[in-house]
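K.L.:
Sequential numbering from 4 applies to the sequence shown in this note's numbering. Where is the CB? At the ideal position from N, CA and C, for every residue including glycine.
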Amino acid sequence: MRKLIALFFFLFSFSYGDGLILTEGKYSTYIQEEEFMVAEGENIIGPISILPTAVVDAVDVHADNLSITGFIIDKADLDWRRNLVGKFITIEGEGRIIRGVVVEIKGKFIALNSKKGYIVTTLPEFPSRISSHLKWEELFSPQLTLKVNSQEARSQVFKVRYPIKGIKWNISYILTEIDGIKLLKGFITIENSTSVDFRKIDISFENGFKTLKDVTLPPHTTKKLLFIKKRINSKEETKNLPSGKVFIYRNGVFQGSISIKKLFR
Numbered sequence: 004m005r006k007l008i009a010l011f012f013f014l015f016s017f018s019y020g021d022g023l024i025l026t027e028g029k030y031s032t033y034i035q036e037e038e039f040m041v042a043e044g045e046n047i048i049g050p051i052s053i054l055p056t057a058v059v060d061a062v063d064v065h066a067d068n069l070s071i072t073g074f075i076i077d078k079a080d081l082d083w084r085r086n087l088v089g090k091f092i093t094i095e096g097e098g099r100i101i102r103g104v105v106v107e108i109k110g111k112f113i114a115l116n117s118k119k120g121y122i123v124t125t126l127p128e129f130p131s132r133i134s135s136h137l138k139w140e141e142l143f144s145p146q147l148t149l150k151v152n153s154q155e156a157r158s159q160v161f162k163v164r165y166p167i168k169g170i171k172w173n174i175s176y177i178l179t180e181i182d183g184i185k186l187l188k189g190f191i192t193i194e195n196s197t198s199v200d201f202r203k204i205d206i207s208f209e210n211g212f213k214t215l216k217d218v219t220l221p222p223h224t225t226k227k228l229l230f231i232k233k234r235i236n237s238k239e240e241t242k243n244l245p246s247g248k249v250f251i252y253r254n255g256v257f258q259g260s261i262s263i264k265k266l267f268r
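1. Closest by CA to T125, which one among G110, I235, S207 and F74?
2. Since I believe E194 is in contact with T225 (beta carbons under 8 Å), could you give me their beta-carbon distance rounded to a whole number of angstroms?
3. Taking G44 as the reference, which of N152, A66 and V218 has the closest Cα?
4. Starting from the C-beta of S260, find all residues in its chain whose C-beta is less than 8 Å away, skip the five residues before and the five after it, and write them out in chain order.
5. For I71, which residues from the same chain have a beta carbon less than 7 Å from its beta carbon, with the 5 sequence-adjacent residues on both sides left out?
6. Throw me the rounded Cβ distance for the L187 and Y176 pair, which I believe falls under 8 Å.
7. List in chain order: all unbroken alpha helix (DSSP H) runs of 4+ residues lying wholly within the region 64–138.
8. Can you check DSSP and say which residues form a bridge with K242?
9. How many angstroms separate the CA atom of G255 from the CA atom of P245?
10. How long is the line joining the alpha carbons of A57 and T197, rounded to whole angstroms?
11. On the premise that I101 lies in contact with L87, defined as a C-beta separation below 8 Å, what is that separation, rounded to the nearest angstrom?
12. Just how far apart, CA to CA, sit P145 and I47?
13. What would DSSP say about E180, mapped onto helix, strand or coil?
14. Report yes if the C-beta of G98 is less than 8 Å from at least one heavy atom of the ligand GTP; otherwise report no.
15. Quick one: using the 10 Å Cβ neighbour count with 16 as the cut-off for buried, is Q154 buried or exposed?
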């Protein structure tokens, strides 16, 4: 008899090995891996939170040795009023502290389901506030729920990939030449224009040239990272490097700039 397991295994899941693949164009590709315990037969797995900057219609999920028969994406709403519905919040100020799950926000009023019962009160005005214990990326993250079929009970890794918006990047090089010895340093400048706090992710290039391990990109910051440093003598040593501008110094004096692809022409 086929077994049907309709439990949400979120208590047994954790995230690891997140990666960002930088590509030319508007989007980069984000890859996250989630591990769950699955039972033999059909399972409902989730929820899996994906980044608020994801293009949710392009989410792709893969897992080895089992069948993913369907999934549901619960899209978050970036309008905080609509997105707070169903979330636990605290209202502070004006001589009150009220905690509960938001039922509805309409006009200047907010309805909560609290331990003391159903409450309708006015929305707070500054300096009063509404707060949540969830971080921004948790509160506004779309949720993914999977339906899978497994031949046996085991720990299973799911790879979730999707395009994300808000990451810009460029490549630049500095070539120093002293007494005929050429030293090339390559830098990648990454701009995170989103409110997502990327922590310890692996960043790689689309062509597979290089992977930068355990990179942290705080919200609304720009970071410049060294990705290569070596002596060069020929075009062969630069042909697989990412495109970018080379700033040239000869014996300590700036000489100008040129494309990396034209460096040895």
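P.N.:
Based on what the coordinates show:
1. The candidate whose alpha carbon is nearest that of T125 is G110.
2. The distance from the Cβ of T225 to that of E194 is about 5 Å, consistent with a contact at the 8 Å cut-off.
3. Relative to the Cα of G44, the nearest Cα in the group N152, A66 and V218 belongs to N152.
4. Taken in chain order, the residues that qualify are K248, V249, F250 and I251.
5. By the criterion of a C-beta distance shorter than 7 Å, I71 is surrounded in its chain by V64, L149 and V151, once the five residues flanking it on both sides are discounted.
6. The C-beta distance from L187 to Y176 rounds to 6 Å, short enough to fall under 8 Å.
7. Runs found: 83–86.
8. DSSP lists no partner for K242.
9. Computed Cα separation, rounded: 25 Å.
10. Distance between the alpha carbons of A57 and T197: 11 Å.
11. In fact, because the Cβ distance is near 14 Å, the residues do not count as touching under 8 Å.
12. Spanning the two alpha carbons is a distance of roughly 17 Å.
13. Strand, per DSSP.
14. Of the ligands one can find in the structure shown there are none, so the ligand GTP has no counterpart to examine.
15. Answer is exposed; the Cβ neighbour count stays below 16.
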